[in-house]
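These notes concern the structure reproduced below.
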Amino acid sequence: QSTQDSVVNLDKLTYAGNLESLASVAGSERYAFEQIDICDRAELDRVFAEHQPDAVMHLAAESHVDRSIDGPTAFIETNIIGTYTLLEAARHYWSHLESGRKAAFRFHHISTDEVYGDLEGTDDLFTETTAYAPSSPYSASKASSDHLVRAWLRTYGLPTIVTNCSNNYG
1 QSTQDSVVNL DKLTYAGNLE SLASVAGSER YAFEQIDICD RAELDRVFAE
51 HQPDAVMHLA AESHVDRSID GPTAFIETNI IGTYTLLEAA RHYWSHLESG
101 RKAAFRFHHI STDEVYGDLE GTDDLFTETT AYAPSSPYSA SKASSDHLVR
151 AWLRTYGLPT IVTNCSNNYG
(Lines of atoms letter the chains of each structure in order from A and count residues from 1; the text may use other names and numbers.)
(Lines give C-alpha, C1' and ligand atoms only; values in the text may rest on other atoms or scores of the structure.)
Protein backbone atom coordinates (compact mmCIF):
# COMPACT_ATOMS: atom_id res chain seq x y z
CA GLN A 1 0.00 0.00 0.00
CA SER A 2 2.96 2.33 0.44
CA THR A 3 4.42 1.78 -3.03
CA GLN A 4 3.44 2.50 -6.58
CA ASP A 5 5.00 -0.75 -7.80
CA SER A 6 2.84 -3.25 -9.61
CA VAL A 7 2.68 -7.02 -9.35
CA VAL A 8 2.06 -9.34 -12.28
CA ASN A 9 1.13 -12.84 -11.15
CA LEU A 10 1.67 -15.70 -13.61
CA ASP A 11 -0.01 -18.97 -12.71
CA LYS A 12 -0.97 -22.07 -14.67
CA LEU A 13 -3.74 -22.73 -12.13
CA THR A 14 -3.11 -26.43 -11.68
CA TYR A 15 -4.55 -28.41 -8.78
CA ALA A 16 -2.64 -26.20 -6.30
CA GLY A 17 -3.84 -22.85 -7.68
CA ASN A 18 -6.67 -20.99 -6.00
CA LEU A 19 -7.86 -17.63 -7.34
CA GLU A 20 -9.90 -17.06 -4.17
CA SER A 21 -6.65 -16.41 -2.31
CA LEU A 22 -6.17 -13.33 -4.51
CA ALA A 23 -9.58 -11.78 -3.91
CA SER A 24 -8.18 -8.92 -1.83
CA VAL A 25 -5.93 -7.69 -4.67
CA ALA A 26 -7.90 -8.77 -7.73
CA GLY A 27 -9.43 -5.33 -8.26
CA SER A 28 -6.25 -3.35 -7.74
CA GLU A 29 -4.93 -1.33 -10.66
CA ARG A 30 -1.44 -2.34 -9.50
CA TYR A 31 -2.15 -6.08 -9.80
CA ALA A 32 -2.46 -8.17 -12.94
CA PHE A 33 -3.13 -11.88 -13.25
CA GLU A 34 -2.00 -13.93 -16.25
CA GLN A 35 -3.02 -17.57 -16.51
CA ILE A 36 -0.09 -19.04 -18.41
CA ASP A 37 2.33 -21.94 -18.29
CA ILE A 38 5.94 -20.87 -17.70
CA CYS A 39 6.95 -23.39 -20.38
CA ASP A 40 5.19 -21.19 -22.98
CA ARG A 41 7.95 -18.90 -24.28
CA ALA A 42 5.68 -16.85 -26.54
CA GLU A 43 3.37 -16.01 -23.64
CA LEU A 44 6.31 -15.15 -21.39
CA ASP A 45 7.73 -12.83 -24.05
CA ARG A 46 4.31 -11.16 -24.35
CA VAL A 47 4.07 -10.65 -20.58
CA PHE A 48 7.59 -9.18 -20.37
CA ALA A 49 6.88 -6.81 -23.27
CA GLU A 50 3.48 -5.76 -21.92
CA HIS A 51 4.33 -5.32 -18.24
CA GLN A 52 8.07 -4.47 -18.41
CA PRO A 53 9.00 -5.73 -14.93
CA ASP A 54 11.93 -4.55 -12.84
CA ALA A 55 12.28 -7.98 -11.24
CA VAL A 56 11.10 -11.57 -11.46
CA MET A 57 10.21 -13.52 -8.34
CA HIS A 58 10.09 -17.12 -9.55
CA LEU A 59 7.96 -19.24 -7.22
CA ALA A 60 6.39 -21.45 -9.90
CA ALA A 61 6.92 -25.12 -9.16
CA GLU A 62 5.42 -28.52 -8.82
CA SER A 63 6.15 -29.04 -5.16
CA HIS A 64 4.65 -32.14 -3.56
CA VAL A 65 7.28 -34.80 -2.83
CA ASP A 66 4.80 -37.71 -2.87
CA ARG A 67 3.35 -36.56 -6.20
CA SER A 68 6.87 -36.40 -7.64
CA ILE A 69 7.42 -40.04 -6.72
CA ASP A 70 4.12 -41.12 -8.29
CA GLY A 71 4.66 -39.07 -11.46
CA PRO A 72 7.88 -37.10 -11.95
CA THR A 73 7.14 -35.83 -15.48
CA ALA A 74 5.28 -32.68 -14.41
CA PHE A 75 8.13 -31.87 -12.01
CA ILE A 76 10.74 -32.14 -14.76
CA GLU A 77 8.60 -30.05 -17.12
CA THR A 78 7.70 -27.23 -14.73
CA ASN A 79 10.68 -27.10 -12.40
CA ILE A 80 13.43 -27.63 -14.99
CA ILE A 81 12.04 -26.81 -18.45
CA GLY A 82 9.81 -24.05 -17.06
CA THR A 83 12.70 -22.46 -15.18
CA TYR A 84 14.88 -22.67 -18.31
CA THR A 85 12.13 -21.06 -20.41
CA LEU A 86 11.57 -18.29 -17.87
CA LEU A 87 15.33 -17.66 -17.63
CA GLU A 88 15.61 -17.35 -21.39
CA ALA A 89 12.62 -15.00 -21.63
CA ALA A 90 14.02 -12.91 -18.77
CA ARG A 91 17.49 -12.85 -20.33
CA HIS A 92 16.10 -11.71 -23.68
CA TYR A 93 14.04 -8.98 -21.99
CA TRP A 94 16.91 -7.91 -19.69
CA SER A 95 19.42 -7.72 -22.55
CA HIS A 96 17.31 -5.01 -24.23
CA LEU A 97 16.82 -2.80 -21.16
CA GLU A 98 18.49 0.59 -20.94
CA SER A 99 21.55 0.58 -18.69
CA GLY A 100 19.92 1.91 -15.49
CA ARG A 101 17.02 -0.55 -15.58
CA LYS A 102 19.35 -3.34 -16.64
CA ALA A 103 21.61 -2.73 -13.63
CA ALA A 104 18.64 -2.74 -11.23
CA PHE A 105 16.91 -5.85 -12.65
CA ARG A 106 16.86 -9.05 -10.56
CA PHE A 107 15.71 -12.62 -11.16
CA HIS A 108 14.87 -14.11 -7.75
CA HIS A 109 14.54 -17.89 -7.87
CA ILE A 110 12.75 -19.33 -4.85
CA SER A 111 13.99 -22.85 -4.21
CA THR A 112 13.71 -25.29 -1.34
CA ASP A 113 15.74 -26.66 1.53
CA GLU A 114 14.90 -30.13 0.17
CA VAL A 115 17.78 -29.83 -2.32
CA TYR A 116 20.12 -30.49 0.64
CA GLY A 117 18.55 -33.85 1.47
CA ASP A 118 17.53 -34.99 4.91
CA LEU A 119 18.77 -33.73 8.26
CA GLU A 120 20.28 -36.36 10.56
CA GLY A 121 19.21 -34.86 13.90
CA THR A 122 16.70 -32.34 15.17
CA ASP A 123 19.45 -29.82 15.99
CA ASP A 124 21.11 -30.02 12.56
CA LEU A 125 20.90 -27.11 10.14
CA PHE A 126 21.57 -26.60 6.46
CA THR A 127 23.74 -23.71 5.29
CA GLU A 128 24.42 -22.25 1.87
CA THR A 129 27.59 -24.34 1.72
CA THR A 130 25.84 -27.64 2.44
CA ALA A 131 26.30 -30.01 -0.51
CA TYR A 132 23.23 -30.80 -2.57
CA ALA A 133 21.85 -34.28 -1.86
CA PRO A 134 18.33 -34.40 -3.33
CA SER A 135 16.34 -37.44 -2.25
CA SER A 136 13.23 -37.30 -4.47
CA PRO A 137 12.31 -36.34 -8.02
CA TYR A 138 10.94 -33.08 -6.59
CA SER A 139 14.16 -32.10 -4.82
CA ALA A 140 16.26 -33.23 -7.79
CA SER A 141 14.19 -31.06 -10.14
CA LYS A 142 14.59 -28.05 -7.83
CA ALA A 143 18.34 -28.68 -7.51
CA SER A 144 18.52 -28.78 -11.31
CA SER A 145 16.69 -25.48 -11.58
CA ASP A 146 19.02 -23.92 -9.00
CA HIS A 147 22.00 -24.94 -11.11
CA LEU A 148 20.40 -23.44 -14.22
CA VAL A 149 19.78 -20.13 -12.46
CA ARG A 150 23.36 -19.96 -11.23
CA ALA A 151 24.64 -20.85 -14.71
CA TRP A 152 22.63 -17.97 -16.25
CA LEU A 153 24.31 -15.60 -13.80
CA ARG A 154 27.78 -16.90 -14.55
CA THR A 155 27.39 -17.44 -18.30
CA TYR A 156 25.18 -14.53 -19.34
CA GLY A 157 25.47 -12.12 -16.44
CA LEU A 158 21.73 -12.23 -15.73
CA PRO A 159 21.49 -10.85 -12.18
CA THR A 160 20.02 -13.76 -10.24
CA ILE A 161 19.40 -14.61 -6.60
CA VAL A 162 18.61 -18.11 -5.32
CA THR A 163 17.02 -18.63 -1.92
CA ASN A 164 16.56 -22.09 -0.40
CA CYS A 165 13.84 -22.01 2.20
CA SER A 166 11.18 -24.20 3.73
CA ASN A 167 7.51 -23.93 2.76
CA ASN A 168 6.68 -20.38 1.69
CA TYR A 169 2.91 -20.59 1.50
CA GLY A 170 0.34 -23.30 1.75
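With the first letter of the sequence shown counted as 1, position 96 gets the number 96 in the UniProt record's numbering; the numbers rise by one all the way through.
From the three backbone atoms N, C-alpha and C, an ideal C-beta is built for every residue, glycine too.
Model, not experiment: these values are computed from the prediction.
To which residues of the same chain is Ser-166 closer than 7 Å at the C-beta, ignoring the five residues directly before and after it?
Within the sequence shown, numbered from 1, the residue matching residue 166 stands at position 166. Same-chain partners within the cutoff: Asp-113.
In terms of residues, what are the limits of the alpha helix (DSSP H) holding Phe-48?
The sequence position of residue 48 within the sequence shown is 48, counting from 1. Phe-48 -> alpha helix (DSSP H) spans 41-51.
What are the boundary residues of the beta strand (DSSP E) that includes Leu-153?
Taking the first residue of the sequence shown as position 1, residue 153 is located at position 153. Per DSSP, Leu-153 belongs to no beta strand (DSSP E); it is in the alpha helix (DSSP H), 137-156.
Pick from Arg-91, Glu-34, Asp-5 and Ser-68: whose alpha carbon is nearest that of Ser-135?
By 1-based counting over the sequence shown, the position of residue 135 is 135. Residue Ser-68 is the option with its Cα nearest to Ser-135.
Measure the alpha-carbon distance for Ser-111 versus Ile-36 and round it to whole angstroms.
Along the sequence shown, one-based indexing puts residue 111 at 111. Along the sequence shown, one-based indexing puts residue 36 at 36. So the two alpha carbons sit approximately 20 Å from each other.
Does the segment 36-53 touch the segment 70-90, meaning 3 or more C-beta pairs lie closer than 8 Å?
Verdict: yes, contact present.
For Tyr-31 and Val-7, I'd like the C-alpha separation in whole angstroms.
Taking the sequence shown and counting its residues from 1, one reaches residue 31 at position 31. Taking the sequence shown and counting its residues from 1, one reaches residue 7 at position 7. Those two C-alpha atoms are separated by around 5 Å.
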